[in-house]
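Some notes on the structure that comes next.
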Amino acid sequence: MRQGWQLTPRVWDGLARYFIVGGGVTLILAVLAILLFIMKEALPLAGGADVSPAESRFPGIQNALAAGIDEYQEIGFVAGSEEIVFYRLSDGSVVDRAVQPSLSQGARVAVATYDPRTRLLVTGSTDGRVAVTRVDFTVRWQETGRVIVPRLRAHAVALLDSLQQPLQQVVGDRDEDGAIGLATVTASGELVYAYIDEEGDVTTLERLESTLAERHPTRLTLSLAAELLAVGTDDGTLYFWSLVDAESPQLEDHVNAAESRIGALQFLLGDQSLIVGSDGGQVSVWFRVRYVRVENRTAESVEVDGVEIGPNASHVFLDRDYGRRFANRPAIRVQTAGRPWTRVRSFDIHTNAVTGIAVSPRGKGFASFSAGGRLGLHNSTSGRSLNILETEIEGVQSFVFAPRADALAGLDADGGLHVWHVDNPHPETGAQVLFGKVWYEGYSRPEYVWQSTGGTEEFEPKLSLVPLFVGTLKGTLYAMVFSIPLSILGALYLSQLATPGLRSIIKPTVELMAAVPSVVVGFLAALWLAPLLENNLAPILGAVLLLPVGLGAAIGTWMLLPITWRQTARPGSELLFMLPFLVAAILVGVSLGRPLEAGLFGGDIRQWLYDTLAIRYDQRNSIIVGIALGFAVIPIIFSICEDAMSSVPPSLTSAAFALGASRWQTALHVILPAASPGIFAAVMLGLGRAIGETMIVLMATGNTPILDLSPFNGMRTMSAAIAVEIPEAPHGGTLYRVLFLTGTLLFLFTFLINTGADVVSRRLRKRYAQF
Amino acid sequence: MRSSSAQMEIETPTAGGHGSGERRRLVAVSGRRAPLAGFWRQGLPAVWSSGFMLLCVLAMLAGMLVLTLVRGLGHFWPSAMLQIETTSGAFLGPVRDTDVGRDASEAASERLQLKIGNRDLYGLDFRWFDSAAIQSRSHPQDAVTVEREEFGNFHGYLREVRVGERVVAGDAAWQALDAEINAARELRHRGLELDGQYEKTRKPLSKLEQKLESAQRQARARDDEASARIPELRGAIATEKERLAPVLQEIAAQRDGLVAERLARDALFEAADGTTKQIQLDEIVRAYRPNSMSAPAKVGLYVARLWEFIFHEPRESNTEGGIFPALFGTVLMVLLMTIAVVPLGIVAALYLHEYAREGPVLRAVRLAVNNLAGVPSIVFGMFGLAFFVYGIGGFIDRTFYAEALPAPTFGTGGILWASLTLALLTLPVVVVATEEGLASVPSANREGALALGATKWQTLWNVVLPQAVPGILTGVILAISRAAGEVAPLMLTGVVKLAPSLPLDGVFPFAHLERKFMHLGFHIYDVSMQSPNVEAAKPMVYSTTLLLLLLVVALNTVAIVVRNRMRQRYRGAAI
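Protein chains in written order, with our numbering: chain A, 1 to 771; chain B, 772 to 1346.
Now the structure itself:
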């Protein structure tokens, strides 16, 4: 035999050692890496936005007025007074030139605006005409790859100034049917509105400036499809005309928005918020906030948030959900009193006049540019300025986003085109958004809201984690309130007060309970228990209230029994003895429920709750969740508690009995303290399970993310939000990352709770280890 | 010394510094001579209350089991059909539920819920009726329940059976119905076989067409070689078409004949309110008259429906038929998980128990493993999604399936990723149980082996591991039971409500682990929460719940028994 054969067992042993140690260590490291990996997915949320100038500045043309770039950032254009020039952004070469369309002989373009969302270029000429042209970039696939071909498409021309003087300002938009709304400021400072119908005829031509008094319009902006016209003036006043009825503009509101001349004005995506930039360097966000008139038609006076409203009087409030709060009292009427434009937040990064505002075509972001060359990138929802860049350009006359919001284009005073790359993956988050109150569009005050997705692109995601925290805590709280007494006292009874025979049956049974899949519990809670409780609230309430009475009756009867009988009874026989009393109590309670409901609560306890206390009873509410989640948690607490109580050394209990202590005295004064580390650990582990449980809360709650601790309505927990929303969240998007942040927090919560349980119970165990 | 300290503790149970107060209280309690002294001393209300708490826990468990058993098993029993005449017409169906509601005048009155069926006629399957509004009740002997492929059950009376020109009416129709249903379903089956044959015959042609399609796709991405292949492929397709045409035409003609023959068989039913309804016989799963069935016939039907439930495909968006794909998916997923988790768990446990040295590192690692057991399952799901699906799956797609992108192959949820995720989730269970098993092996055995000159690995492999098998087995069973009931992580890693094909089939490579799958637990969630007709779906969900519960309870019972045996042996060895 060769020597190698004799070495084999040792080689084998060494190999096994390396394999097992290596495998074990890697595995454990890998397991720990889970936390890091989940964190890593959430980490990009913390990264900021980046704005960097593209390499070259493109040669300008004389009298440049407006500029834009295409979706792929390949081609940019500059609209001058006579022609439109298209550049290749990579090398600055001219791709195409076109004469400004629809110009009459001898006239030039005096003013132009370009909106990248609609791709409409609106030009005002020196002879008082307005032209609407669409700048299309068509993508073709050729052998050399993608080719982008710019095309111009003239939509309409209209004479807006009968004096044929150069126009000062012009805006316009075209709706789906081809009707166009236009607004312009003429050479003499008149504000003129025009409506061109689908056939191309000017049907309305109206001067609006009569209401402006002495003020001069400096900036105009139109909402999409020209439904709202906002006008900024030289003293900082904003005017709003509603163009919903396109043929007769209505002055809707005016408000003093800034101390100085308004130099830039844009509607944010969705047209609910208006960004105002002034010569004083202020940038502010405005939207309409609802006020309500609360009208008291009852005979006595009513107090509403500290304000006394007498009979038949009324008072105007900032809306705080009064409509819902008084929905149960028809005599108190809540009506919209008005929706004035209100300053919601401002961005104070500029010291010089704001000359340009570019609105992101994706989300609620925008960029501002002020004289002196400061460029700011902002997000309206989060109220953050994501990046501030000092450029060498004195000011911009045209400032727009690229269609994918990944670049900015600006025209300097000499007509040069500047492009900045924007890398802004998660603009709508931030600590303030995730954990603080945010004033969202359409809300009357800052609030904690979770509403991550909406129907349209223009939806403002509301990503406050606070409602999810509250929901998680609420569900956990109700579950613990339900399960702790049941499981600890039950375990105490089983381990100390019942016969050992009972224990060997019940212990495995309760352990089986731990194996019941949570989806089963959730299903039964949602589709069996919830409707049962909803339809039989009073009988069930009656039964629950009568159960202690039944228990009392059982004890009383027991006491009346001859003492010899009682002494011969084995511990644990109480259970059988009390059973008929409890059943009787339940039956009586159930049968008393309906008559009591009719007598005390006017026949319907849920209606009564709503009418008198304005509490809405949801079918899937916290009571259901408490019971269902309790069902899942009880076996954990019960089993660990029971183990801890059973492992208290018999010497202790024997000593207590020898001193004449009763069963209960021993249990309370000896067992409970000695088993307290185990009980503590059990409760903590149960808590950890309740916090992370998903299916039960997903099914048994209504999944509404509300901030309300009422037991009669539901909640949305962190785990349920993850389960519901992650399959819909695009990989790498903001929602995806926010949900991973939620998961990380969930992980950390349970990690802390479990570690805390471990450490504390170890310490307590040491203290009691002396016995 | 020991006993005296124990005595001290009894008197100072809070183990703090307020012993004297407690002592006074104890003395006061025992010193009182009131007649009820025993009552308070024995703490009767407290003892009974804690007993009551235990009863509550047991009642919850028992209630849940009884509820699922009754509802889950009752669903298959052919229940008697009640015909009622009301002011709003006549209805026929089994009574589903009764309760006390409020009628129009707010007075309490009894109501009953009928499963009226006939969704295509009435729009809804279940309806509540006030007892007061019911004018007459009867149990007609000839009331028929027709289980259909679509629109749920039909409840009514058989009027005639038509086979081509031959029309059978009256009682003879009922005699003929079963045979004709079988014939129609046989025809349908043969039609499906012909479809298969057609596909098989056409396969060379389909392959060529696929090639053409992929060449066209490549040509779009400017692949000159592929563009050159296109005309050649077109020519091959034309010749192949010509060659196969006569065979295909013949199969198609046969199939059309079968379809005509099948469609010629239908039956005319009349609902309780007199509406008639023509039903194609091949659309009927089965028809029976519950009111005139004998007990053995009912049992037979019960077994048939139970069989259908377990071994057939679902119908009507999972609310009827069987749950076989879900059962299959669950079992396969759990098997894959077991294959992944067992070696990992054993290696980790061997390391922790046999190789690692006691110290702060080992304590930290143990804490981490214990903690892992407490991490919410949804977090594992997120990890699975980010790491397996998007990470590894995305990598596989970019490397091996680049031509199929952007449609993902492995970069989307699938049974493989779901099983691996659950393997991680159940790892602590296996590790802890295996460690317990290793600890139960007496150190004498180990030392004996080592003393005989065995290496550590030989000792482990030949002495320790065989004795630790029950522990490992317990861990595996508990892991399986946990995995079988877990749903939340699957929702992120590959479970679907309706999978078009099983992850195992006869098409190469037979195991399609990238496929999405169905799962019992998710089936419960989906059908009960997201089906449009929850009321009609409930019986199915109860049955599925029962099946899942039985599975999990059986697994756990086995685990508990194995563990108890092991502990007994351990106790014996320790002495």
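By construction, the Cβ of each residue, glycine as well, lies at the ideal position given by its N, Cα and C atoms.
Note that this is a predicted model, so its numbers are computed, not measured.
Asked	Found
By the 10 Å Cβ neighbour count, where 16 or more other Cβ atoms means buried, how is residue 949 of chain B classified, buried or exposed?	exposed
Taking 8 angstroms as the CB-CB cut-off, is residue 1163 of chain B touching chain A?	no
Roughly how many angstroms separate the alpha carbons of residue 196 of chain A and residue 278 of chain A, rounded to a whole number?	31 angstroms
Name the chain A residues whose beta carbon is nearer than 7 angstroms to that of residue 1316 of chain B?	520, 523
Should residue 1337 of chain B be flagged as near chain A, meaning a C-beta pair shorter than 8 angstroms?	no
What residue range is occupied by the uninterrupted beta strand (DSSP E) comprising residue 205 of chain A?	202-207
Over what stretch of residues does the beta strand (DSSP E) that includes residue 1048 of chain B continue unbroken?	1047-1051
For residue 518 of chain A, name the three-state secondary structure that DSSP assigns.	helix
Can you pull out the residues from the stretch 576-603 of chain A whose beta carbon lies closer than 8 angstroms to at least one beta carbon of chain B?	578, 579, 582, 594, 603
From residue 178 of chain A to residue 150 of chain A, what distance separates their C-alpha atoms?	21 angstroms
Is residue 686 of chain A buried or exposed, if buried means 16 or more other CB atoms sit within 10 Å of its CB?	buried
For residue 10 of chain A, decide whether its Cβ has a neighbour in chain B, counting only Cβ atoms nearer than 8 angstroms.	yes
Is residue 344 of chain A helix, strand or coil when you go by DSSP?	strand
Is residue 796 of chain B helix, strand or coil by DSSP?	Reliability of the predicted coordinates at residue 796 of chain B is poor, the pLDDT of 40 falling under 50, and no value is obtained from them.
Cα separation between residue 52 of chain A and residue 425 of chain A?	15 angstroms
Going by DSSP, what residues sit across from residue 338 of chain A in a beta bridge?	A:291
Kindly list, in the order they appear in chain B, the residues whose Cβ is closer than 7 angstroms to that of residue 528 of chain A.	838
Residue 315 of chain A lies in the beta strand (DSSP E); which residues open and close that run?	314-318
So residue 545 of chain A is in the alpha helix (DSSP H); what residue range does that whole segment cover?	537-560
Does residue 426 of chain A get closer than 8 angstroms to chain B when you measure Cβ to Cβ?	no
Let me know if residue 1327 of chain B comes out buried or exposed under the rule of 16 or more other beta-carbons within 10 Å of its beta-carbon.	buried
Are the stretch 148-162 of chain A and the stretch 115-133 of chain A touching by the rule of at least three beta carbon pairs closer than 8 angstroms?	yes
Let me check understanding here. Comparing Cα to Cα, which of A:25, A:219, A:199, A:28 lies closest to residue 113 of chain A?	A:219
Should residue 381 of chain A and residue 308 of chain A be called a contact, given that it needs their Cβ atoms to be closer than 8 angstroms?	no
What residues in the stretch 1273-1304 of chain B bring their beta carbon closer than 8 angstroms to a beta carbon of chain A?	1292, 1293, 1295, 1296, 1299, 1300
To the nearest whole angstrom, what separates the beta carbons of residue 329 of chain A and residue 295 of chain A, a pair I think is in contact under 8 angstroms?	Not quite, the Cβ-Cβ distance comes to about 11 angstroms (not below 8 angstroms), so this is no contact.
Do residue 110 of chain A and residue 44 of chain A have their beta-carbon atoms positioned less than 8 angstroms apart in this structure?	no
Given residue 653 of chain A, which residues of its chain have a CB within under 8 angstroms of its CB, disregarding the five upstream and five downstream residues?	496, 666, 670, 671
For residue 112 of chain A, which three-state DSSP category applies?	strand
Mind checking the stretch 1213-1246 of chain B against chain A and listing, in chain order, the residues whose C-beta falls within less than 7 angstroms of any C-beta there?	1226, 1227, 1228, 1229
At a CB-CB cut-off below 9 angstroms, which residues of chain B make contact with residue 511 of chain A?	1327, 1331
Does the CB of residue 924 of chain B have a neighbour CB from chain A at under 8 angstroms?	no
Please go through the stretch 895-956 of chain B and give each complete beta strand (DSSP E) segment of 3 or more residues, from N-terminal end onward.	897-901, 905-909, 914-919, 925-934, 937-940
Can you grab the Cα-Cα spacing for the pair residue 1315 of chain B / residue 835 of chain B, in whole Å?	14 angstroms
Taking the alpha-carbon of residue 1185 of chain B as reference, which of B:1265, B:1143, B:1271, B:918 has the nearest alpha-carbon?	B:1265
Excluding five sequence neighbours on each side, which residues of the same chain lie with their C-beta closer than 8 angstroms to the C-beta of residue 101 of chain A?	131, 133, 152, 154
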